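Per the working numbering, the sequence shown starts with residue 5, numbered consecutively. Shown next, in C-alpha cells, is the structure this report addresses.
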Amino acid sequence: MKKIFILILLFKYLYSTDLQKVSLQLMWLDQFQFAGFYIAKEKGFYQKVGLDVEFKKFQNETNVLEEVTQNRATFGLGSSSLIVHKSNGADISIFGAIFQTSPLVILALKNSNIDSIKDLKDKNLMIADEQLNFANLQAMFSSQNFDIKSVKLIPHSFNVDDLINKKADLMASYTTNEPFLLKEKGYESKIFYPKDYGFDFYENIMFTNSEFAEKNPKIVYDFYKASIDGWKWAFENIEKSVDIVFEKYNPLNKSKEALLFEANEIKKIIFDKNGDIGTISNEKMNLIINTYKVMGLIKNDIDLKSFVLHNSFQNELNSEEKEYLKTKKSFTYCSHNDLMPFEATLNNKHIGIIEEYLVEISKNLDIELNFVPTLNWHESFEKVVENKCDILTTIADKKNREKLFNFTNPYLDFPFVIATDISKPFIEDLKTLKRVKIALVKDFATSNIIKNRYKNINFVEYPNLYEALEAVRKGEVYAAIDSLAVIGHEIQNHFVGDIKVSGKIDENLKLYMATNIENKTLASILNKALNSINENQKHEFFNKWVYINYQNSIDKDAVLKLFILILAIFFILAIIYRAYLLKKTNQELENRVAFEIKQNEEKNGILLQQSKMAAMGEMLENIAHQWRQPLSTIGICTSGMELKKNLNMLEDKDFYDSINHIKSSISYLSNTIEDFRSFLDKDKVLSNVNINHLVQKVLDILNPSLQSHHIEVIKNIDDFEFSTIENDLIQILMNIITNAKDALKNLKNEEPRYIFINISKNQKNIVIEIFDNAMGIKDEIISRVFEPYFTTKHKSQGTGIGLYMSKILVDNNLKGTIFVENYKFLYNNIYYKGAKFNILLPINLDKK
Numbered sequence: 005m006k007k008i009f010i011l012i013l014l015f016k017y018l019y020s021t022d023l024q025k026v027s028l029q030l031m032w033l034d035q036f037q038f039a040g041f042y043i044a045k046e047k048g049f050y051q052k053v054g055l056d057v058e059f060k061k062f063q064n065e066t067n068v069l070e071e072v073t074q075n076r077a078t079f080g081l082g083s084s085s086l087i088v089h090k091s092n093g094a095d096i097s098i099f100g101a102i103f104q105t106s107p108l109v110i111l112a113l114k115n116s117n118i119d120s121i122k123d124l125k126d127k128n129l130m131i132a133d134e135q136l137n138f139a140n141l142q143a144m145f146s147s148q149n150f151d152i153k154s155v156k157l158i159p160h161s162f163n164v165d166d167l168i169n170k171k172a173d174l175m176a177s178y179t180t181n182e183p184f185l186l187k188e189k190g191y192e193s194k195i196f197y198p199k200d201y202g203f204d205f206y207e208n209i210m211f212t213n214s215e216f217a218e219k220n221p222k223i224v225y226d227f228y229k230a231s232i233d234g235w236k237w238a239f240e241n242i243e244k245s246v247d248i249v250f251e252k253y254n255p256l257n258k259s260k261e262a263l264l265f266e267a268n269e270i271k272k273i274i275f276d277k278n279g280d281i282g283t284i285s286n287e288k289m290n291l292i293i294n295t296y297k298v299m300g301l302i303k304n305d306i307d308l309k310s311f312v313l314h315n316s317f318q319n320e321l322n323s324e325e326k327e328y329l330k331t332k333k334s335f336t337y338c339s340h341n342d343l344m345p346f347e348a349t350l351n352n353k354h355i356g357i358i359e360e361y362l363v364e365i366s367k368n369l370d371i372e373l374n375f376v377p378t379l380n381w382h383e384s385f386e387k388v389v390e391n392k393c394d395i396l397t398t399i400a401d402k403k404n405r406e407k408l409f410n411f412t413n414p415y416l417d418f419p420f421v422i423a424t425d426i427s428k429p430f431i432e433d434l435k436t437l438k439r440v441k442i443a444l445v446k447d448f449a450t451s452n453i454i455k456n457r458y459k460n461i462n463f464v465e466y467p468n469l470y471e472a473l474e475a476v477r478k479g480e481v482y483a484a485i486d487s488l489a490v491i492g493h494e495i496q497n498h499f500v501g502d503i504k505v506s507g508k509i510d511e512n513l514k515l516y517m518a519t520n521i522e523n524k525t526l527a528s529i530l531n532k533a534l535n536s537i538n539e540n541q542k543h544e545f546f547n548k549w550v551y552i553n554y555q556n557s558i559d560k561d562a563v564l565k566l567f568i569l570i571l572a573i574f575f576i577l578a579i580i581y582r583a584y585l586l587k588k589t590n591q592e593l594e595n596r597v598a599f600e601i602k603q604n605e606e607k608n609g610i611l612l613q614q615s616k617m618a619a620m621g622e623m624l625e626n627i628a629h630q631w632r633q634p635l636s637t638i639g640i641c642t643s644g645m646e647l648k649k650n651l652n653m654l655e656d657k658d659f660y661d662s663i664n665h666i667k668s669s670i671s672y673l674s675n676t677i678e679d680f681r682s683f684l685d686k687d688k689v690l691s692n693v694n695i696n697h698l699v700q701k702v703l704d705i706l707n708p709s710l711q712s713h714h715i716e717v718i719k720n721i722d723d724f725e726f727s728t729i730e731n732d733l734i735q736i737l738m739n740i741i742t743n744a745k746d747a748l749k750n751l752k753n754e755e756p757r758y759i760f761i762n763i764s765k766n767q768k769n770i771v772i773e774i775f776d777n778a779m780g781i782k783d784e785i786i787s788r789v790f791e792p793y794f795t796t797k798h799k800s801q802g803t804g805i806g807l808y809m810s811k812i813l814v815d816n817n818l819k820g821t822i823f824v825e826n827y828k829f830l831y832n833n834i835y836y837k838g839a840k841f842n843i844l845l846p847i848n849l850d851k852k
C-alpha cells in the first residue's frame, strides 16, 4: 500500500512538471472582480494549455507595475494608467482589457454634504497607493480644476465601516462592490464617477513584461485564451461562480448576496458592443492617449502595434521563426487524395478547401508551397515521417502520434452527422438505432472516433463514402455517418433527392496540419499562419466548395403544389364573381378612395415629421453623451494653453500638441454630426446597404442610452448587402430598439436586460427579428401597438407614433411587412419572455 501511495505521488510530481509555472499579480483584494481567473484555475482551463498559475495577493503597498517589470510576477492586472507608464519607458505590453469601463469611483455617504468635486477639499480620502496614480481619477479631478493635494490621503482599510464611523470622509471604491455593502448596512452613497465626467477608460487590463512576451508568445496567448474562457464560464454559470469565490477567494467575508450583486454589475461593463470579452480597440486607446497628452501625463508617443498585443500577438512570428524562413523559402506538402470537399488530387493537382488555406498561407508568409502527389493518405503519412515531405495537410487522430509529428491547432472543425434516405424521420439520438446497420468509411480516423464512442451500434464499413451512401439509398443499411462537410458534398454531387441529413451526434471531426517531429519551428509557423486567417475568409473557402441542402422532416413538396393549385382555382373563381359585383360601384369607390388617400397622406406627413422629431431627440441625447469625453479633452486643452500663456510658459511644442489634440477631438465630433446629417436627409434614395454596417450605425447612436440603462445587445446577423432606403430602415430600427429599451427600464435593477437582433436572408426576403426580455405586451392590447397615438408609456416618454410610423415606412416605402408577437425563449439556460418584432423586406427594393 505504501509503495502504491509513493507511486501515485511520483506520477503526480511528474505530471506537475509538465506545467509551466506563471503568476498573476492581482490589483485588489480577492473578490468577484477576478472571478474569471479563479474559474480558469479551478475548472482546469489553465492546466489544459499547460499552465500552473499562482495568484499573488494584493496588499495596500503593492506596486503591480514593479512586480511585473522586476519579474516577480509573470502577468499583472492594471488600469489605463499603464499607458502613462509605457510612455514613461516601462517595458510592458498589454493584451486584454477585462473591464471595458473602469468601475473605480470616489465614494462618500449621501448624508455627508459632499455634493461636488470641490467639496472634497480638506477631506480625508482613503485610497491605496496604487489607485492614487490611476489616470481616470486624475483626469476627473483635473477637468474640475481640483488639486488632489488639497485632500488628506490616508491608507486604505478596505472597510466601508470607516466611512460610517467617520474615520474617513471618502474612499476609493468600485461601483460593483462598496455601494451595495453600504446599502446592506442601511446607508446610501454619493458617487463621483470619472465616466460621468467624460473619462471612460479600460480597467483590469492584462499585461506582461515586453521581453517575456517576445520570447514566450505562446505562453502569453495561452494565458489570455484560458483566462477569457474562464470569464465566459463565470458568466454562463454566475451562481456557481459566486459559490467558488465565496468559498475560496473571500478575505473580506462578503455575503453571497454581495458577490452576486458584484457579478451582475460587472456583467454590465465586461462585454464590448459585439458581446466579446477582453477587447482593446485602437479608437478608444487613441481617445485615452489624447486625454493623457492634454493633461501632460504623456510625453512620448506610443506605438500601439507593439504595445497592444491583444488578438494579433499570437500570430506574430518570433525572431527564431523569422530567421528560419530566411534560410528556407520553399516547402512541400502531401495530402489525402480523396477527401472532398476538404481536399483531393485531380490531374496531379491539389484541390479543395485546404488548398484555399495553403494559397493564403503561401501569400501571407511569402513562401513557396509545392504539392507532392501520392497514391493515398497512408503514403503521404509515411513521406512526412521519413522527411520526404515537409507538411501533412490533413490528420484527424493525434493519439499515439505525438512521437512522430508536431501538430498545429485544429483549423477545420465540423460536426459528425447522420445521413438517411429521404423518407426517414429526424434522428434525435444515435443510441436509438441499436437494432439497425450504420455505415462508416473503412480505415479512416472518423470511423475509429465513432466506433469508440458508440460501442453498442452495429457498424458496417465501406471503402468510401459514396459506396456507404449508395448502401443507404438501396436500403442495405439504415444510415451513414461522416462529417457534415463531406456528407454534404456527396449529397450535392450524387444523391440529391435521395439522401438527406437527418441528425447530428455530439462529436466533431477536427483536422490538423502536421510536420515531422524534428521540425517544430515549421509547425509553429503554420499554426500562426492558420490563426491569422479570419472567419470571413474561412466562410468564403467553405462556400466555394460546399453547398448543403438540409432537411429534418419528410418532403412535403407534392402536397404543397397540390394545395397551391387548388387555392389558385378557388381564387380565380372568386375573382370572376367579385368582378361582376364590384363593377357597379367601382366609380363611387374610386372617388371616395381618392379623397381618403389625400387625407391620409396629409396625416401621415404630419405623423412622419413627428416620428422623425422623436427620433432626432433620441439621437441628440445620445450624441450629447458621446461628446462628453472629447469636449472634456478640448476644455482641458484650451484651459491649459490659457494658463501657460498667462504664466509665459506656453512653448511652441505645447501649443501645436494642444492644437493636434483639439483637431483629433473635433474630428470625432464631426463624425457623429455626419451620422445626424445623414439621418435628416429627406431624399428617399435607393442604395446598396451592408446590413451589419447599418445595424452598427444604429447601435452607435443608441449605445450610450442602452449602456446607461445596463442593457446588453446580442446580435446574430448574417453578412450581406441589399438594396433599400437606408434612412427609413434606420428610423424603423431606432423606433423598435428604443421601444424595447423603454420596456426594459421597468425591470428591477438586479434583473438582466437583453435586446436580441437576428437578421438573415432567404431566397425572397430579408428577415429581421428584434426581441427583448421585458415580459412582453398584454394580450388585450398587442393588436393595437401599430395604431397612431396608442402608447402604454407616460406622456413624457412617448407620443405613440413611433411604431405606427415604422409600420407605414415598412409597408409603403420598403414594400415589406411587420408584425409583433409575444415570444418565449431560452438564453443562458434561463427562460425569458418578451415582445418580438418581425420584419420581412424584399431582398432588392425596386422603387417605382
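Virtual Cβ for every residue (Gly too), placed ideally from N, Cα, C. Remember, it's a predicted structure, so these values are computed and weren't measured experimentally.
| Query | Result |
| --- | --- |
| Do residue 239 and residue 271 have their C-beta atoms closer together than 8 Å? | yes |
| Can you look up residue 691 in the DSSP assignment and give me helix, strand or coil? | strand |
| Can you tell me whether residue 686 is helix, strand or coil according to DSSP? | For residue 686, the predicted structure reports a pLDDT of 49, less than 50, and the residue's modelled location is therefore unreliable. The matter cannot be settled from this model. |
| Give the secondary structure of residue 29 by DSSP, where H, G and I count as helix, E and B as strand, and everything else as coil. | strand |
| Roughly how many angstroms separate the alpha carbons of residue 551 and residue 362, rounded to a whole number? | Caution applies to residue 551, whose pLDDT of 49 falls short of 50 and renders its modelled position unreliable; the model cannot decide the point. |
| Closer than 7 Å: is that where the CB of residue 534 sits relative to any heavy atom of the ligand MN? | With respect to the ligand MN, the structure offers nothing, as it holds no ligand at all. |
| My understanding is that residue 139 touches residue 88, with C-beta atoms under 8 Å, so please give their C-beta distance in whole angstroms. | 6 Å |
| Return the Cβ separation of residue 81 and residue 210 in integer angstroms, given the expectation that the two are a contact with Cβ distance under 8 Å. | 6 Å |
| Hey, residue 706 and residue 742: beta-carbon distance below 8 Å or not? | yes |
| How would you write the range of the beta strand (DSSP E) that residue 259 sits in, first residue to last? | From DSSP, residue 259 is part of no beta strand (DSSP E); its letter is neither H nor E. |
| If we call anything under 8 Å between Cβ atoms a contact, is residue 726 one with residue 759? | no |
| Taking its Cβ as the centre, do 16 or more other Cβ atoms sit within 10 Å of residue 811, making it buried, or is it exposed? | buried |
| Can you check the segment 177-226 for any beta strand (DSSP E) of at least 3 residues that lies completely inside it and give the ranges in chain order? | 193-196 and 207-213 |
| For residue 228, collect the residues of the same chain with a Cβ closer than 6 Å to its Cβ; drop the 5 residues on either side in sequence, then sort them by chain order. | 99 and 100 |
| Quick one: is residue 313 near chain B, going by C-beta distance under 8 Å? | Absent here is chain B; the protein component of the structure consists of one chain. |
| In whole angstroms, what separates the C-alpha of residue 431 from that of residue 507? | 5 Å |
| Would you decide whether residue 367 is buried or exposed? Buried here means 16 or more other CB atoms lie within 10 Å of its CB. | exposed |
| Only counting the same chain, and skipping five residues up and downstream in sequence, which positions put a Cβ closer than 8 Å to that of residue 335? | 371, 372, 373, 374, 394, 395 and 526 |
| Since residue 38 is in the alpha helix (DSSP H), which residue starts that stretch and which ends it? | Element bounds for residue 38: n/a, residue is neither H nor E. |
| For my contact list, residue 33 and residue 79 are in at a C-beta cut-off of 8 Å; report their separation, rounded to the angstrom. | Going by Cβ atoms, the distance from residue 33 to residue 79 rounds to 18 Å, so no, they are not a contact pair. |
| Looking at C-beta atoms only, is the number of pairs between the segment 101-109 and the segment 160-173 that lie closer than 8 Å three or more? | no |
| Between the segment 431-446 and the segment 401-417, can you find at least three pairs of beta-carbon atoms closer than 8 Å? | no |
| Does the separation of the CB atoms of residue 413 and residue 521 fall below 8 Å? | no |
| The beta strand (DSSP E) with residue 100 in it runs from where to where? | 96-103 |
| DSSP state of residue 721, grouped into three classes? | strand |
| Return helix, strand or coil for residue 330, following the three-state DSSP convention. | helix |
| Rounded to whole angstroms, how far is the Cβ of residue 267 from the Cβ of residue 246, which I believe are closer than 8 Å? | 6 Å |
| Residues bridged to residue 769 by DSSP? | 846 |
| Pick out whichever of 445, 357, 307 and 465 has its Cα sitting closest to the Cα of residue 93. | 307 |
| Below 7 Å CB to CB, which residues in the same chain sit around residue 769 once its five sequence neighbours on both sides are set aside? | 844, 845, 846 and 847 |
| Helix or strand or just coil, what does DSSP make of residue 500? | coil |
| In or out: residue 689 buried (at least 16 other Cβ within 10 Å) or exposed? | exposed |
| Do you know how far the Cα of residue 97 is from the Cα of residue 43? | 24 Å |
| Residue 365 and residue 533: beta carbons closer than 8 Å? | yes |
| Please determine, among 712, 762 and 224, the residue with the shortest C-alpha to C-alpha distance to residue 722. | 762 |
| In three-state terms, what does DSSP make of residue 302? | coil |
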